[in-house]
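Colleague: Read in order, the letters of the sequence shown are residues 448 to 789 in my numbering.
Think of the CB as a built atom: it goes at the ideal place given N, C-alpha and C, for glycine as much as any other residue.
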Amino acid sequence: MALRLPASIKRLGGPVIAAGVVFGLAIYLVTALDWHEAGRVLADASWGWIAAALLLTALSYSAEAYSYALVNRWFGIDLPVRDLLEIGMVSSTMIASVGGLAGHSVRIILLARRNVRRSEGVAPSLFHGYLQSLAFFLFIPGGLTYLLLTHPLETRVAVAVGAATAVLGIAFAITAVVFLYGPVRTRLLALFVAAAQRIVRIDISSSINSYEETLGRGLESLGEKPFGMALTIAWILADRLAQLAVLWFCLEALGIQGEVGVVVTGFAIGIAVGVMSMIPGGIGVQEGSMAGTYHLLGMPLEEAVVVAFLFRVLFQLVPLTLSMSLYWRVLRGTPPVRPESA
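#1: Exposed or buried, which one is residue 650 when buried takes at least 16 other CB atoms within 10 Å?
#2: Quick one: what's got a C-beta closer than 8 angstroms to residue 761's C-beta in the same chain, skipping five residues either side?
#3: Just checking my contact of residue 773 with residue 536 at CB under 8 angstroms: how many whole Å lie between their CB atoms?
#4: Runs of 3 residues minimum, wholly inside the stretch 605-637: which ones carry the beta strand (DSSP E) assignment?
#5: Are residue 744 and residue 709 touching if we call contact CB-CB under 7 angstroms?
#6: Hey, how far is the Cα of residue 747 from the Cα of residue 722?
#7: By the 10 Å Cβ neighbour count, where 16 or more other Cβ atoms means buried, how is residue 555 classified, buried or exposed?
#8: Helix, strand or coil for residue 466 per DSSP?
#9: Take the Cβ of residue 539 as the centre, count every other Cβ of all protein chains shown within 10 Å, and call the residue buried at 16 or more, exposed below.
#10: Does the Cβ-Cβ distance between residue 563 and residue 524 come in under 7 angstroms?
#11: Just reading off the alpha helix (DSSP H) that residue 731 is part of, what are its end residues?
#12: Please state whether DSSP places residue 686 in a helix, a strand or coil.
#13: According to the Cβ coordinates, are residue 715 and residue 587 closer than 7 angstroms?
#14: Just to confirm my understanding: we take residue 519, look at its own chain, exclude 5 residues before and 5 after, and list those with CB closer than 6 angstroms. What are they?
#15: Confirm, please, whether the CB-CB distance from residue 575 to residue 513 is below 7 angstroms.
#16: If distances are taken between C-alpha atoms only, which option among 553, 582, 493 comes closest to residue 681?
#17: In angstroms, rounded to a whole number, what distance separates the CA positions of residue 610 and residue 639?
#18: Just checking my contact of residue 636 with residue 621 at CB under 8 angstroms: how many whole Å lie between their CB atoms?
#19: Among the residues of its own chain, which have a CB less than 6 angstroms from the CB of residue 652, if the five just before and after it don't count?
#20: If residue 801 sits next to residue 755, beta carbons under 8 angstroms apart, how far is it from one beta carbon to the other, in whole angstroms?
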């Protein structure tokens, strides 16, 4: 007879696998490099800076969770702030380590278990994710400009980098129109409903209508109270700046002196390439692109690889591991789902 695991254990499978893959890649890459040099870099690490990086990591996730709670409140999700903070904290660690699809799905599941309709929980989650991405996008032009001005690239590479930046900018602009301009949003959602009915024979009109009502209510609320929007954006920016500071502290912990432009460039390119790779959590891709960028900017390869993986461990793997116990408690402490939550 096959062994059946509890559903809650199965949900932890993705994060556990991601953590195992990160450890495996770390071991492989370090052994493929100069072991003695990598070992020296780690042995000389300052634990004081590592502790400071962990404190900033906690600050970053706390800011992200609080901004998520604020967005939900503005969108009419009337749950206790503590519940929203816990959901935001657990899902944020999954988004960073496993990927956006897993993290946003966890948000919807946990909200549904608190009798929030899934179609109502999607709108604030996506809007919050858009604001986060927009805040991060601000780092990319500065990093790429620094890279092009200080380290001239081949024409083909420069064109590719510029084109990628332009595509990202256009994508953010289109997303802003879809989110903020009602007539365009309504038309696109109507086309989506028609496509679902034609292709998969499913009527999702009620869910889409609920999603649009929630989004419209939230945007109207934020428009009437600009201080609420400013406060939310401030917490999101605090999250992003704390995340960048964690990477800076990783460099300091390893005794690596880096210019502000170098740190921002490696951070922006590493995170952006990891997200665009479509690999869950950008595992391997984020580290490789970040290390490659730092090496291109003059950092020894062993140091670049170690700092990239140290950032992964401190900012993503450690919070993911710690959040598993919180996830278990939040999952077990939720009430049964009523039919209208679907």
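Modeller: Considering the structure as presented:
#1: The sequence position of residue 650 within the sequence shown is 203, counting from 1. Here residue 650 is exposed. Its C-beta has fewer than 16 other C-beta atoms within 10 Å.
#2: To locate residue 761, count along the sequence shown from 1; it is residue 314. Once the five neighbours on either side are set aside, the close Cβ partners of residue 761 are 497, 500, 501, 504, 693, 697.
#3: Start at 1 with the first residue of the sequence shown, and residue 773 comes out as number 326. Start at 1 with the first residue of the sequence shown, and residue 536 comes out as number 89. 7 angstroms between Cβ atoms; contact.
#4: none
#5: Here residue 744 is taken as the residue at index 297 of the sequence shown, counted from 1. Here residue 709 is taken as the residue at index 262 of the sequence shown, counted from 1. Residue 744 places its beta carbon less than 7 angstroms from that of residue 709.
#6: For the purposes of this step, residue 747 is taken as the residue at position 300 of the sequence shown. For the purposes of this step, residue 722 is taken as the residue at position 275 of the sequence shown. So the alpha carbons of these two residues sit roughly 25 angstroms apart.
#7: Numbered from 1 along the sequence shown, position 108 holds the residue referred to as residue 555. Residue 555 comes out buried.
#8: Here the question's residue 466 lines up with position 19 in the sequence shown. Summary for residue 466: the model assigns pLDDT 49, below 50, so the residue's position carries little reliability, and this model does not support an answer.
#9: Mapped onto the sequence shown, residue 539 falls at position 92. By the neighbour-count rule (16 or more Cβ atoms within 10 Å), residue 539 is buried.
#10: By one-based count along the sequence shown, residue 563 stands at place 116. By one-based count along the sequence shown, residue 524 stands at place 77. Their beta carbons are under 7 angstroms apart, which means residue 563 touches residue 524 by this criterion.
#11: Position 284 of the sequence shown, counting from 1, holds the residue named residue 731. Taken as a continuous stretch (DSSP letters only), residue 731 belongs to no alpha helix (DSSP H), as it is neither H nor E.
#12: Residue numbering aside, residue 686 sits at position 239 when the sequence shown is read from its first letter. Helix.
#13: Within the sequence shown, numbered from 1, the residue matching residue 715 stands at position 268. Within the sequence shown, numbered from 1, the residue matching residue 587 stands at position 140. Cβ atoms of residue 715 and residue 587: closer than 7 angstroms.
#14: Position 72 of the sequence shown, counted from the first residue, corresponds to residue 519. Contacts found: 531, 571.
#15: For the purposes of this step, residue 513 is taken as residue 66 along the sequence shown, with counting starting at 1. For the purposes of this step, residue 575 is taken as residue 128 along the sequence shown, with counting starting at 1. Contact: no.
#16: Taking the first residue of the sequence shown as 1, we reach residue 681 at position 234. Ranking 553, 582, 493 by Cα distance to residue 681 puts 582 first.
#17: Position 163 of the sequence shown, counting from 1, holds the residue named residue 610. Position 192 of the sequence shown, counting from 1, holds the residue named residue 639. Cα to Cα, residue 610 sits roughly 29 angstroms from residue 639.
#18: Start at 1 with the first residue of the sequence shown, and residue 636 comes out as number 189. Start at 1 with the first residue of the sequence shown, and residue 621 comes out as number 174. In fact, because the Cβ distance is near 15 angstroms, the residues do not count as touching under 8 angstroms.
#19: Within the sequence shown, the letter at position 205 stands for residue 652. These residues qualify, in order along the chain: 640.
#20: Nothing in the structure corresponds to residue 801, since the chain is present only between 448 and 789.
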